[in-house]
Amino acid sequence: MVQILLIDDDSTIRLLLERTLKRQGYDVVCAGNGEEGLVKAKELHPAMIICDWVMPGVSGLQVCRQVKSLPDLATTFLFTDFS
Numbered sequence: 003m004v005q006i007l008l009i010d011d012d013s014t015i016r017l018l019l020e021r022t023l024k025r026q027g028y029d030v031v032c033a034g035n036g037e038e039g040l041v042k043a044k045e046l047h048p049a050m051i052i053c054d055w056v057m058p059g060v061s062g063l064q065v066c067r068q069v070k071s072l073p074d075l076a077t078t079f080l081f082t083d084f085s
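In structure tokens:
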């Protein structure tokens, strides 16, 4: 099963996306902020990361840069939400 890491500080968005993706057969892991998301990305090596762009602390842009700088995660597909 394909694993997706969902990083968003909005719990409603996380819940809606998680439910939708799970109904489609994906294994979804959620993180409530960029820092937590980076820890989980390093631990899990998901196939895809869906990340909110604007978050307090570690932003979506910072998450993308850090993920792409890590050799183990450099080929991970990243999708960011600019809203």
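For the sequence shown, the working numbering begins at 3 and goes up steadily by one. All C-beta atoms in this analysis are idealised placements derived from N, C-alpha and C, irrespective of residue type, glycine included.
- Contact between G27 and M3 holds: CB atoms are separated by about 7 Å, below the 8 Å threshold.
- Sequence-distant Cβ neighbours of M57 in its own chain, meaning closer than 8 Å and more than five residues away, are I9, D10, D11, N35, G36.
- Counting only residues of its own chain and dropping the five nearest sequence neighbours on each side, V65 has a CB closer than 7 Å to the CB of I9, G36, G39, L40, C53.
- In its own chain, leaving out the 5 sequence neighbours on each side, no residue places its CB closer than 6 Å to the CB of S13.
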